[in-house]
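Just below is one structure, and these are the notes that go with it.
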Amino acid sequence: MAIVDSSLKNRTAWRLGYLVAALGIYLMDQASKAWAVRRLRFADRTIIRGFLDLVYAENRGIAFGQLQEGGAFGRWFFVVLAAAAAIAVLFYLFRTPRNDDRLLGSCALLLAGILGNLTDRVRLGFVIDFIMLHAGQYHWPTFNVADASISIGALLLAYDLIFAGGKQETTDHRQLTTDN
184 MAIVDSSLKN
194 RTAWRLGYLV
204 AALGIYLMDQ
214 ASKAWAVRRL
224 RFADRTIIRG
234 FLDLVYAENR
244 GIAFGQLQEG
254 GAFGRWFFVV
264 LAAAAAIAVL
274 FYLFRTPRND
284 DRLLGSCALL
294 LAGILGNLTD
304 RVRLGFVIDF
314 IMLHAGQYHW
324 PTFNVADASI
334 SIGALLLAYD
344 LIFAGGKQET
354 TDHRQLTTDN
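Take the numbering used here: the final residue in the sequence shown is number 363, and no numbers are missing along the way.
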């Protein structure tokens, strides 16, 4: 029993760094959104002409402003969906072998982004977006730090599942409980 208890403590301590990173990204997201409300709500800013503008936007839908017509039902539907996604990512984070840094990092990025946008949706009823990239007439939908975190985390997860996942050796369950 002591081996399992020690293993559980070791596994939890190892993941603490990823949870701290997720917390840091979450706080950066929330701070940047608070800044956007104060500084951009009534005045857009051009940072790099023809490429990067900071503009305040309230996104009541999901990614890229889709499904905004849901009203109160849509708001709480997205809250429940995001909460379920956060729980799934946390579960995945604690089930991932501790030596899989790319997968653990992708979980931290996903968790930070999901919680950042979830906080907005619960607190405000919408997500604050403010970063707009564009080149000429082509515009990327306005986004925020949480969206960037989710996108990078999803790309890392996809890479891991498609390219690296098939190359990992299967590990005996007993080894997971004693080594992680």
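We put the CB at the ideal spot given by N, CA and C, even for glycine.
Contact the segment 288–297 vs the segment 318–337: 3+ CB pairs below 8 Å: yes
Contacting residues, own chain, Cβ-Cβ under 8 Å from R304 (five flanking each side not counted): R258, F261, V262, A265 and V310
Tell me the rounded alpha-carbon separation between L235 and I208. 21 Å
Could you spell out the range, first to last residue, of the beta strand (DSSP E) harbouring T229? R228 to I231
In three-state DSSP terms, what is N300? helix
Going by the C-beta, is L223 closer than 6 Å to any heavy atom of the ligand NAD? What this structure holds is no ligand at all, so the ligand NAD is not there to describe.
Sequence-distant residues of its chain with Cβ nearer than 7 Å to L316 (five each side left out): F234, L235 and W323
From R198 to F274, what distance separates their C-alpha atoms? Roughly 12 Å between the two C-alpha positions.
So what's D283 in DSSP terms, helix, strand or just coil? coil
Pick helix, strand or coil for F309, following the three-state DSSP scheme. coil
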